[in-house]
Every structure is written in C-alpha cells, then in structure tokens.
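A.B. asks: I'd like to ask you about the structure that follows.
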Amino acid sequence: MLSRLVFSKNNLFFAFLIFGYLFGVIFYDFIGFDYVDELMALFLVAFTGMVVMERRNWKELMPLGIVTGIFIFYLIYSFLIKSNTPVAICVDFLTQIKPFLGFYCTLLIAPALTVSQKRFLSILCIAVAGGLLILGIIDVNFLFFGHQSRYATAIVATFFLLSYCSTNSWSDIAVLLLILTIGLISTRSKFYGFWAIAIFLMIYMKVGGKIRFNIKTIALFGCLALITIWLAKDKIILYYVDGMMNSREMWSRPAMMLTSIQILYDYFPFGSGLGSFGTFASAEYYSPVYAAYEINHLWGLSKDMPAFICDAFYPELAQFGVTGVILYFAFWFSILRKSTKELLPTMQLFVLLIFIFFLIEGIADATFTQNRGLFILILLGLILSPNK
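Okay, so the sequence shown: first residue is 138 according to our numbering, each after it adds one.
Dropping the structure here:
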C-alpha cells in the first residue's frame, strides 16, 4: 500500500507542479482567475493530510504545527485588539499563512521526481522561456502579464524550476543564465540586481567557491549588496529619497516604510494585527490604521484609491510586530543554515538565490504572499525535502 502511495504521490505532485507553474505563474494574469494560488495551497494541505494518515508518523507534523500555531496566535490577537473587521482579519490570515503552507506541506510530502519527469519539466521550461522571449519583444506594454514586474518574476520562476531539474554542467549553467537574461526586457531595476548576483554566484560556485557563514562570505555579500544597490540606484532614489524629501506629497513607499517603523514601536511586541497595514485585506477592507497615522490622504494610500498599500512586502511585517520580524528572518536563517550543512553545493546555491530574490523583491513588491511567491516556496520545499 505504501509503495503504491509513494508512486502515486510522486506522479500526482508532478502533475500539480506543472499545473502550478502554468496556471499559477505563466497564465495567472492572463486568465484572470485570482484564486489559483488558494486552490494550490488547499490541495497541498489535503495532500499532506493523506500522506500523514498513510505514514502515521505524527512527529512529521511538528514544524507545520508550530507555524500554524504562530498564525493562530496572531489571529486571536488580531480579534482581541480589533485590528480590522473580522472578514479582513480572516482574509489576511489566509493570505499570510499561504506561502508557509506551500513550503512546509511540500517539505512534509517530500516528493521525488524521476529523471524522465525532470527532463519533461526542463523541456517545458525552455519552451516557455522561448515564448516569454517572443512576448517580451512583441508585447511592449506587457498586456499579457499586466505589468513588467510580473513578467520578470515569471522568468525567475522558470529559472528556479529549471535549476531544480538541471545538473551543474557548464552547458546547463549557460542555458539557465540565458533564460534569466531574458528578464532584462522587463527593465525592472530590482531584477537587474538579482540578475547580476545570480550570474556572479553561479560562476563563483562552478569554479570551486563555497558558501560558508564566515567573515569572507560576509565581505563577499557586502560587495554584492553594493553592486545591487548601484544597479537599482535610480529606482531607490525615485521611490524613497525623492519622496521623503517632498514632505507635502510624500510618496506611498517611503510613507508606508516610515509608518511601519512607527507601528513597530507603538504596537510592541506583536504589531498592529492582521488586516491592519500593508496588505490586500487592509486595502480592500480599509484599515483605520491609515487614518490614525494620517497617511490616508496620500495618493495611492487613500480609501478611494488604495492601489499602493500592498506595493511592498516589508511594511506589512508591522502587523506582526518586532516578534514577527524576528520570526520571519529566523525562518530564512534556519533554511540557509540547514542548506549549507545538508545539501549539495548546487542546491545550496539555489536556496541562497531564492532567499536573495525575496530579499530584493520585498523592497517594491509583495511577491512573497502572492501566487508567484507561493510557487517559488513550493520549489524551495522540493529542494529541501530529501533532507527535511
């Protein structure tokens, strides 16, 4: 019975991965069905339940249980302080827990794809990359994806999926870098930074470099950070410096960032609660926090036009307070530390690149809690699952 489940589990997850890639990333904006990622998360939870019932190894549920417990605590806390309407709190609860469910459920399921399945995914990625290149050339207004940033993250998702299926040969690295280079068509400064770091690290690891937590590595990443900042300097100045200097018409991103810092102080240590700040739910069910901090009159942050409320990821961490900020980065630190100890260097690299991608992306996009973030975190769980 167990062998049949393992066989069907791997094949079922393979089909799910293809569905998630095509309809949760590539065609997501084109088809306009906004609940694909929620259905993916629900499927993973049900899939995990079936696998755990079959294995009857309840200790496997501990990491997932801890994460769920943390979010339930914040759910109760949000109701107690009345951070927003009950509907807004529940919607935001599901949004915030979704990427972690994707990661931990995949980690627990621990699917093992066959060589032929990886080969199929590789062909699919290369074919899609060719289509994305053509789209990037002819669809100059990015009507298919709706925005340049979504085009760029579709390229990144393709890059990570192919990375999981590839070997560490020079030919594979060349193909990966060529696919990643297509993303330059997006003209997104944050993508330029990730592109430069990915090229450097892939070549660095291929010629014998190693990732370690020491002074040398810290200095190396310091240099990479400076390169990234330099590549993205125009947008950083535009979004954060110019906006802060014009105090009468402070732009949305610096206003959100500065207010989030104030919220961390005012709502120490657990934050302003779910659905209160920097998220889709706080915009859809307009949070009273924006009026309380007098930013509800700013363009893009008003009740009538809240388009830029969830335009970056880091401000929404104010909902979880200092405790939540620590937990978020502890999550990434534990993954990076575990990967350096247990994974092969090739997989260490791609775990590191996924972290760097979210680190950069969070400055000007809430990708982590969206459909593209969910898919990439599923890939992260897939990479780490043999050593869970």
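Backbone N, C-alpha and C fix where the C-beta goes; we use that ideal spot for every residue, glycine too.
I believe I491 touches F296 by the beta-carbon criterion, under 8 angstroms. Please report the beta-carbon distance rounded to the nearest angstrom.
C.D. replies: So it is not a contact: roughly 10 angstroms between Cβ atoms.
A.B. asks: Nearest by alpha-carbon distance to I432: which of A392, F414, K478, Q456 is it?
C.D. replies: It is A392 whose Cα lies nearest to the Cα of I432.
A.B. asks: Hey, would you say I336 sits closer than 8 angstroms to L270, going by beta carbons?
C.D. replies: Not in contact: I336 and L270 (Cβ atoms no closer than 8 angstroms).
A.B. asks: Ordered along the chain, which non-local residues of its own chain (more than five positions away) have a Cβ less than 8 angstroms from that of M382?
C.D. replies: Because M382 carries a pLDDT of 47, less than 50, the predicted location of this residue cannot be relied on, and no value is offered for it.
A.B. asks: Would you decide whether Y402 is buried or exposed? Buried here means 16 or more other CB atoms lie within 10 Å of its CB.
C.D. replies: Exposed, because fewer than 16 other Cβ atoms sit within 10 Å of the Cβ of Y402.
A.B. asks: Take the Cβ of Y430 as the centre, count every other Cβ of all protein chains shown within 10 Å, and call the residue buried at 16 or more, exposed below.
C.D. replies: Buried: at least 16 other Cβ atoms inside 10 Å.
A.B. asks: Quick check on P499: buried or exposed, where buried means 16 or more other Cβ atoms within 10 Å of its Cβ?
C.D. replies: Inspection of the sequence shows that residue 499 is occupied by Gly rather than by Pro. Buried, because 16 or more other Cβ atoms sit within 10 Å of the Cβ of G499.
A.B. asks: Might you give, ordered along the chain, the residues of its own chain that have their beta carbon closer than 6 angstroms to the beta carbon of Y484, omitting 5 neighbours on each side?
C.D. replies: The amino acid at residue 484 is misidentified as Tyr; the sequence shows Met. Excluding positions up to five away in sequence, the list reads I520.
A.B. asks: Straight-line CA distance for G380 to I446?
C.D. replies: Below a pLDDT of 50, predicted positions are generally treated as unreliable, and G380, at 47, falls in that range; the measurement from the model is reported next regardless. The alpha-carbon atoms of G380 and I446 are separated by roughly 15 angstroms.
A.B. asks: How far does the alpha helix (DSSP H) with D502 in it extend, from its first residue to its last?
C.D. replies: Looking at the DSSP string, D502 is not in any alpha helix (DSSP H), and its letter there is neither H nor E.
A.B. asks: Answer yes if the region 447-464 comes into contact with the region 403-417, meaning at least three C-beta pairs across the two stretches below 8 angstroms, and no otherwise.
C.D. replies: The region 403-417 is in contact with the region 447-464.
A.B. asks: Check this for me: beta carbons of V488 and L517, under 8 angstroms apart or not?
C.D. replies: Going by C-beta atoms, V488 is nearer than 8 angstroms to L517.
A.B. asks: Tell me, to the nearest whole angstrom, how far the beta carbon of A266 is from that of I234; I am working on the premise that it is less than 8 angstroms.
C.D. replies: Between I234 and A266 the Cβ distance is about 32 angstroms, and since that is not below 8 angstroms, they are no contact.
A.B. asks: In the structure shown, what three-state DSSP assignment does F153 receive?
C.D. replies: DSSP places F153 in helix when its eight states are reduced to three.
A.B. asks: Report yes if the CB atom of K327 is closer than 8 angstroms to the CB atom of A501, and no otherwise.
C.D. replies: Against a cut-off of 8 angstroms, the Cβ pair of A501 and K327 comes out as a contact.
A.B. asks: Is C447 helix, strand or coil when you go by DSSP?
C.D. replies: Coil.
A.B. asks: Which of helix, strand or coil does DSSP assign to Y427?
C.D. replies: Helix.
A.B. asks: Less than 8 angstroms between the beta carbons of L411 and F230, yes or no?
C.D. replies: A contact, by the Cβ cut-off of 8 angstroms.
A.B. asks: Checking 8 angstroms against the spacing of the C-beta atoms, do T95 and C242 come in under that value?
C.D. replies: Only positions 138 to 525 of the chain appear in the structure, and residue 95 is not among them; the question remains open.
A.B. asks: Can you check which of these residues, A449, S389, S300, L179, is closest to L435 by C-alpha distance?
C.D. replies: Ranking the options by Cα distance to L435, first place goes to S389.
A.B. asks: On the criterion of 16 or more Cβ atoms from any shown chain inside 10 Å, does I260 qualify as buried, or is it exposed?
C.D. replies: So I260 ends up on the exposed side.
A.B. asks: Spell out a yes or no on whether the region 195-212 and the region 158-171 are touching, meaning 3 or more CB-CB pairs, one atom from each, closer than 8 angstroms.
C.D. replies: Too few Cβ pairs lie closer than 8 angstroms, so no.
A.B. asks: Alpha carbons only, please: which of L149, F170, Y211 is nearest the one belonging to A183?
C.D. replies: Among L149, F170, Y211, the Cα nearest to that of A183 belongs to L149.
A.B. asks: Could you say which of Q507, L154, S476, F470 lies nearest to L299 if we only look at CA atoms?
C.D. replies: Cα-wise, what sits closest to L299 is L154.
A.B. asks: Where does Q399 land, buried or exposed, given buried means 16+ other C-beta within 10 angstroms?
C.D. replies: Q399 comes out exposed.
A.B. asks: In three-state terms, what does DSSP make of G283?
C.D. replies: Reduced to three states, the DSSP call for G283 is coil.
A.B. asks: Residue range of the alpha helix (DSSP H) that N508 falls in?
C.D. replies: Note, N508: alpha helix (DSSP H), 508-521.
A.B. asks: Since G283 and I322 should fall inside the 8 angstroms C-beta cutoff, what is the C-beta to C-beta distance between them, to a whole number of angstroms?
C.D. replies: With 8 angstroms as the limit, G283 and I322 do not qualify as a contact, their Cβ atoms being about 15 angstroms apart.
A.B. asks: Using a Cβ-Cβ cut-off of 7 angstroms (strictly less than) and excluding sequence neighbours within five positions of K146, which residues of its own chain qualify?
C.D. replies: So the list reads V188, I246, P248, once near-sequence residues are dropped.
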